[in-house]
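S.K.: Please find one structure pasted underneath; my questions will follow.
Chains as they are written, first to last, in full-length UniProt numbering: chain A, 1 to 286; chain B, 1 to 286.
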C-alpha cells in the first residue's frame, strides 16, 4: 500500500520505520511504500538515511497516489495541513492524524474531508524529532480511532489493520469519550504534577535546598509529567480545555475532601481512601 | 560495637544485615555485634537465619550492654518502646529511631531519655516485613539526624559514623525543618497522588473502563505513591499533620492558579510555569 506520512518527527518517523519493515518475527512483511513529507530538506534526507521512507518530498504533490495519509504534525497544524493537501489527492484517500485530542480535530477535519478518521497511537518517549524515531515504538500500545458516522466501515478496517501491523492494539470509540478518558489519565496528571513542583518552589531557600537533597523516588515519579514538554502541556490544555477543566474541578473536590479529613483528624476515612486506591490502581496498569 | 535493633522489619532487618557484614568493597569491616529484638519468636528465628543479628530475643533485657539502640518500630510505637526499654539499659546508651517524622518523636523521646537522637534513613522498597530486608538498602541514601541541644557531640558523631558505614549520606538538621522538607517531597506527593486516583474512580463506568485501558506511564508514575501502603500514609498525616496541611494549602493555591490560567485561556503564563518546572525539577533528582 502507498502510505503518505506528513511530519517526520518521533511519531511520524517511527510509523515509517515499522510500516516499511518486515516485522521482527518475520511472519508479516509490511513493506508498505512510504512517502515522507517534511518542510525541511535536511529532515527529508535523514528520513531516507534512517529507513523511514521510500521517497521523500517537501511538497504535497508527492502524495497524489497515496491510499492513506497520516498527518503527524503538531496538533495546531493538523487542520491547516489537511486543507493544504486536499488539492493534490484523489477522493478515496483516507486521511488520519495522530493528535492526542480528538473531538476538535475530527470536528474541523471531517468537514474538510469526508474520509477523515481521527487516530491516536498512545506511544512516545521523552525525546522528540526525527532523531528520536525508533522501531517498535507502538508494540503493545493502544491505538485509538474515532470514526464518525460519515466514515466507511472498510476504511476504518484498513486503519485497524495498519495498527495491528504495528503490533499495537486498536480501539474504536467516540471522539468525545476519548477526550474525556485521556483527560483523566494523561492531561489531568500533568496539571496535578505541575502544581506540585510549583508549590515546592515557593518554599524558603534553605528548606527548599534540604527538600531537594532529601527528594527520592516518590517525588521523582509524582513530579515527572509536570516537568515535561511545555508545548505538549499547553496543547493538551488548549485542545482539551473543557474536559480538562471538568476533571480538574473533580480533582480539586477530592483534594479538598482529603484536606478536610486531615484537618478533622479522621484517620479512619483517610485510611479507607488510601486502601481503596491501592485496590483500584492495578486496574490502570496493563 | 554492640548495637541493639528493636523491630526487625524492612528497615531494622536491612540495618542488621549491613551493620554486621564487612562492606561489599572489603575495605571496611563493620562486624558490629547485633542484638535483634522482636516480639515474635518466629521473626527472631528468621533474623538469625537471614544474618540480621548475632543474638535475638523477645525481651529488652538482652539490650543491657548495648551502646546504641535503634528503634525500628512503626512510628506510633516509638515513644512507648523507649519508655519500656529504659529500665534495662545503662545511662550512656544512645537511643535513636528511624521514623519518617521527627519533631513529635524527638519531643517525647528526649524527655524520656537525654541521649535520644532522632534519625531518618531515607530508603525503602515497596515491600515490608523481615522477608523484605536486603543488603545495601541504604547505599547512597540520605540519613538525617536531628539532635537537640541536650545531645553530646560525640554521640552524634557515633551515629554519623554508623550512617557512613551503611554507605549512606548523613545530614544533620533541626527536627522541624526536617518535617517541613519531607512534607514537600514525601508526604504531600502521597495526598496529591491519592486525590488523583480517587477523582478518576468517580467517572462513569464506561469512560472509566476506557481510561483504565488507555492509562500508560504518565498515570502510572503520578498515581504510584497514592496507591501505596495506607498505614504509612495515615502515619505521615497523623504525625506531620501541621506541616502537611501547610504544604497542602500551598499546593491547593497553586492548583487554583493553574485552573484559572486554563479558564482564562492564558496559554503564555501556563507555558511559563511548565517551562520553569522543567528547569527546576532536575535539582530534586540526585
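Even for Gly, the Cβ is constructed at its ideal location relative to N, Cα and C.
1) Taking Cβ positions only, does residue 280(B) come closer than 8 Å to chain A?
2) If contacts are defined as beta-carbon pairs under 8 Å, then residue 52(A) and residue 3(A) qualify, I think. What distance do you get, rounded to the angstrom?
3) Would you list, in chain order, the members of the segment 184-195 of chain A that have their beta-carbon closer than 8 Å to a beta-carbon of chain B?
4) Take residue 262(B) and list the residues in its own chain whose beta-carbon comes closer than 8 Å to its own, dropping the five residues that flank it on each side.
5) Under 7 Å between beta-carbons, which chain B residues line up against residue 130(A)? List them in chain order, please.
6) Starting from the C-beta of residue 227(B), find all residues in its chain whose C-beta is less than 7 Å away, skip the five residues before and the five after it, and write them out in chain order.
7) When DSSP builds the beta bridges, which residues end up paired with residue 36(A)?
8) Which residues, in order along the segment 197-220 of chain A, keep a beta-carbon less than 7 Å from a beta-carbon of chain B?
9) Measure the CB-CB distance between residue 288(A) and residue 37(A) and report whether it falls below 8 Å.
10) Which partner residues of residue 96(A) appear in the DSSP bridge assignment?
11) Taking Cβ-Cβ distances shorter than 8 Å, what residues in chain B pair up with residue 177(A)?
12) Take every Cβ of the segment 125-132 of chain A, pair it with every Cβ of the segment 270-284 of chain A, and state whether three or more of those distances are shorter than 8 Å.
13) Using only the alpha-carbon positions, how far apart do residue 218(A) and residue 285(B) sit?
14) Starting from residue 277(B), find everything on chain A with Cβ-Cβ shorter than 7 Å and list it in chain order.
15) List the residues of chain A whose Cβ lies closer than 9 Å to the Cβ of residue 173(B), in chain order.
16) Figure out for me which residue from 201(A), 189(A), 191(A), 175(A) has the closest Cα to the Cα of residue 184(B).
17) What is the DSSP secondary structure of residue 43(A), counted as helix, strand or coil?
18) With the cut-off set at 8 Å, would you say residue 210(A) and residue 177(B) are in Cβ contact?
19) Residue 252(A) versus chain B: which residues are under 8 Å apart at the beta carbon?
20) Run the CB neighbour count on residue 161(A), radius 10 Å, all protein chains shown included, and call it buried at 16 or more, exposed below.
21) From this set, 150(B), 158(B), 49(B), which residue's C-alpha is nearest residue 115(B)'s C-alpha?
22) Would you list, in chain order, the members of the segment 102-126 of chain A that have their beta-carbon closer than 7 Å to a beta-carbon of chain B?
23) Among 278(A), 7(A), 232(A), 204(A), which one has its Cα closest to the Cα of residue 72(A)?
24) Taking the beta carbon of residue 207(A) as the centre, do at least 16 other beta carbons fall within 10 Å, making it buried, or is it exposed?
25) Going by DSSP, what residue range makes up the beta strand (DSSP E) through residue 262(B)?
26) Taking residue 167(A) as the reference, give the member of 126(A), 152(A), 142(A), 215(A) with the closest Cα.
27) In chain B, which residues lie less than 7 Å from residue 271(A) when you measure between Cβ atoms?
28) As an exercise, report each continuous beta strand (DSSP E) stretch of at least 3 residues that is fully enclosed by the segment 125-183 of chain B, in chain order.
29) Around the Cβ of residue 31(A), are there at least 16 other Cβ atoms within 10 angstroms (buried) or fewer (exposed)?
30) Starting from the beta carbon of residue 137(A), find every residue of chain B whose beta carbon is closer than 9 Å, and list them in chain order.
31) Could you tell me which chain B residues have their CB closer than 7 Å to the CB of residue 263(A), listed as they occur along the chain?
32) Output yes or no for whether 8 Å exceeds the beta carbon distance between residue 44(B) and residue 54(B).
33) For the pair the segment 246-262 of chain B and the segment 87-104 of chain B, tell me if three or more CB-CB distances fall below 8 Å.
M.R.: Looking at the coordinates:
1) Translated into positions along the second chain, residue 280(B) becomes position 280. Yes, residue 280(B) counts as interfacial toward chain A.
2) Locating residue 52(A) in the first chain gives position 52, counting from the first residue. Locating residue 3(A) in the first chain gives position 3, counting from the first residue. Going by Cβ atoms, the distance from residue 52(A) to residue 3(A) rounds to 12 Å, so no, they are not a contact pair.
3) 184, 185, 186, 188, 189, 190, 191, 192, 193, 194, 195
4) Walking along the second chain from the start, residue 262(B) turns up at place 262. Contacts found: 270.
5) Within the first chain, the letter at position 130 stands for residue 130(A). Residues of chain B passing the Cβ test: none, with the nearest at roughly 22 Å.
6) Numbered from its first residue, the second chain carries residue 227(B) at position 227. Same-chain partners within the cutoff: 197.
7) Numbered from its first residue, the first chain carries residue 36(A) at position 36. For residue 36(A), which the question treats as bridged, DSSP gives the partners 5(A), 56(A).
8) 197, 198, 199, 200, 201, 202, 203, 207, 210, 211, 212, 213, 214, 215, 216, 218, 219, 220
9) With chain A represented from 1 up to 286, any question about residue 288(A) goes unanswered, as that position is not in the structure.
10) Within the first chain, numbered from 1, the residue matching residue 96(A) stands at position 96. Partner(s): 70(A), 117(A).
11) Residue mapping note: residue 177(A) aligns to position 177 of the first chain, counting from 1. Going along chain B in sequence order, the residues near residue 177(A) (Cβ under 8 Å) are 206, 207, 210.
12) no
13) Locating residue 218(A) in the first chain gives position 218, counting from the first residue. Locating residue 285(B) in the second chain gives position 285, counting from the first residue. Each residue's alpha carbon lies about 11 Å from the other.
14) Here residue 277(B) corresponds to residue number 277 of the second chain, with the count starting at 1. Under the 7 Å cutoff, chain A gives 194, 197, 198, 226, 227.
15) Walking along the second chain from the start, residue 173(B) turns up at place 173. Ordered by position in chain A, the residues that pass the 9 Å Cβ test against residue 173(B) are 210.
16) Locating residue 184(B) in the second chain gives position 184, where the first residue counts as 1. Per the Cα distances, 201(A).
17) Counted from its first residue, the first chain places residue 43(A) at position 43. Correct three-state label for residue 43(A): helix.
18) Against the first chain, residue 210(A) aligns to sequence position 210. Against the second chain, residue 177(B) aligns to sequence position 177. Yes, the pair counts as a contact, with Cβ atoms nearer than the cut-off.
19) The count along the first chain starts at 1 and reaches residue 252(A) at position 252. Result: 252, 255, 256, 259.
20) For the purposes of this step, residue 161(A) is taken as the residue at position 161 of the first chain. Burial call: exposed.
21) Counting from 1 along the second chain, the entry for residue 115(B) is found at position 115. That would be 150(B), whose Cα lies nearest to the Cα of residue 115(B).
22) 122
23) On the first chain, residue 72(A) is found 72 positions in, with the first residue counted as 1. The residue with the shortest Cα to Cα distance from residue 72(A) is 7(A).
24) Taking the first residue of the first chain as 1, we reach residue 207(A) at position 207. By the neighbour-count rule (16 or more Cβ atoms within 10 Å), residue 207(A) is buried.
25) On the second chain, position 262 is the one that residue 262(B) refers to. Unbroken run through residue 262(B) is the alpha helix (DSSP H), 241-263; no beta strand (DSSP E).
26) As a first step, residue 167(A) must be located in the first chain, where it is residue number 167. That would be 142(A), whose Cα lies nearest to the Cα of residue 167(A).
27) Taking the first chain and counting its residues from 1, the one referred to as residue 271(A) is at position 271. Here the neighbours are 230, 234.
28) 142-146, 169-172
29) As a working note, residue 31(A) is residue 31 in the first chain. Exposed, by the Cβ-count rule.
30) The count along the first chain starts at 1 and reaches residue 137(A) at position 137. Chain B residues near residue 137(A): none, gap ~12 Å exceeds 9 Å.
31) Sequence index remark: in the first chain, residue 263(A) carries index 263 (1-based). Per Cβ cutoff of 7 Å: 245.
32) Mapped onto the second chain, residue 44(B) falls at position 44. Mapped onto the second chain, residue 54(B) falls at position 54. For residue 44(B) and residue 54(B), no; Cβs fall outside 8 Å.
33) no
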